[in-house]
Amino acid sequence: DQQVKQNSPSLSVQEGRISILNCDYTNSMFDYFLWYKKYPAEGPTFLISISSIKDKNEDGRFTVFLNKSAKHLSLHIVPSQPGDSAVYFCAASDDNFNKFYFGSGTKLNVKP
Amino acid sequence: NAGVTQTPKFRILKIGQSMTLQCAQDMNHNYMYWYRQDPGMGLKLIYYSVGAGITDKGEVPNGYNVSRSTTEDFPLRLELAAPSQTSVYFCASSSGLAGSISSYNEQFFGPGTRLTVL
């Protein structure tokens with residue numbers, strides 16, 4: 025039973041436009057949410073995170089929005105660049121940081 | 377600073393063989409994790425450790441064992457390999473602290489080990 029879901033396996037966006045990646049979770053005990061980016065044949069790398077006490081966190085071109093009542097978070101990338109083409113995973117944890125639950129990933133393709 | 381290193385990069389095992397996947401980190405992180413990623417799926421937690429001598433099961437621990445005798449190393453042992461264990465294995469580490477407002481306990485991942493069991 026997946027506790028973190030990314031329902032869009034892929035997304036294609038034109039360079040310069042906005043990319044919106046979505047993630048849903050079921051466990052109301054999750055307090056921390058993270059986004060990772062993964063290139064082929066590499067391990068995931070951390071991108072941005074948000075705590076459940078906030079509804080928005082911004083870092084350069086990347087913004088994560090959290091809607092706790094809907095148990096939904098999204099990652100916005102503006103403007104999208106070809107180098108952003110990768111698989112994006114969302115992950116969630118409680119405040120013990122013992123266990124992280126990952127979504128199945130969304131493959132983003134940014135077209136030049 | 378090498379970060380998280382994993383060996384080997386690739387391995388093919390026969391059914392019933394055993395092997396150990398090595399993982400080491402040089403960031404003095406207390407928390408270490410083992411994940412597996414099957415095709416088209418997310419990462420599933422196998423085992424984790426919150427410090428030397430302390431380990432616990434994740435979501436999918438069956439068929440695996442771990443040990444943590446030092447802060448740096450966290451090997452994953454596969455006994456009696458089965459085709460269902462064909463996967464890419466990632467090791468990760470983190471400080472285990474809340475961290476800064478923009479970085480809540482991010483995990484640092486190794487490059488992965490691609491294992492095939494035939």
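For the protein sequence lines, the chains are A and B, in the order given.
Numbering of the first sequence is given in the working numbering, commencing with residue 25 and proceeding in unit increments.
Numbering of the second sequence is given in the working numbering, commencing with residue 377 and proceeding in unit increments.
By construction, the Cβ of each residue, glycine as well, lies at the ideal position given by its N, Cα and C atoms.
- If you draw a straight line from the Cα of T489 of chain B to the Cα of P415 of chain B, it is about 14 Å long.
- Here C467 of chain B is not near M417 of chain B, since their CB atoms are 8 Å or more apart.
- Contact between the region 90–108 of chain A and the region 66–79 of chain A is present: three or more C-beta pairs spanning the two stretches fall below 8 Å.
- Look at the region 89–125 of chain A and you find these whole runs of beta strand (DSSP E), each 3 residues long or longer: 96–101 and 110–117.
- Counting only the Cα atoms, L491 of chain B lies some 6 Å from F386 of chain B.
- DSSP places S128 of chain A outside both helix and strand once states are collapsed to three, so it counts as coil.
- In the displayed model, Q398 of chain B falls within a strand according to three-state DSSP.
- In the DSSP annotation of this structure, the continuous segment of the beta strand (DSSP E) that includes S470 of chain B starts and ends at S463 to S470.
- Per DSSP, reduced to three states, the secondary structure at S460 of chain B is helical.
- Contact between L132 of chain A and L35 of chain A holds: their C-beta atoms lie close to 5 Å from each other, under 8 Å.
- Chain-order list of chain A residues neighbouring L421 of chain B: K123 and F124, by C-beta distance under 7 Å.
- The beta carbon of I44 of chain A sits closer than 7 Å to those of S98 and H100, all from its chain and outside the five residues before and after it, given in chain order.
- At least one CB atom of chain A sits nearer than 8 Å to the CB of Y424 of chain B.
- Distances from the CA of S75 of chain A to each of A:V88, A:T69 and A:G67 were compared; the closest alpha carbon is that of A:V88.
- By the CB criterion at 8 Å, Y112 of chain A and K29 of chain A fall outside the cutoff.
- Taking all protein chains shown into account, R412 of chain B has 16 or more neighbouring C-beta atoms within 10 Å of its C-beta and is therefore buried.
- The three-state secondary structure of K61 of chain A, taken from DSSP, is strand.
- From the beta-carbon of P68 of chain A, the residues of chain B found nearer than 7 Å are F485.
- E39 of chain A has its alpha-carbon roughly 41 Å from the corresponding atom of P459 of chain B.
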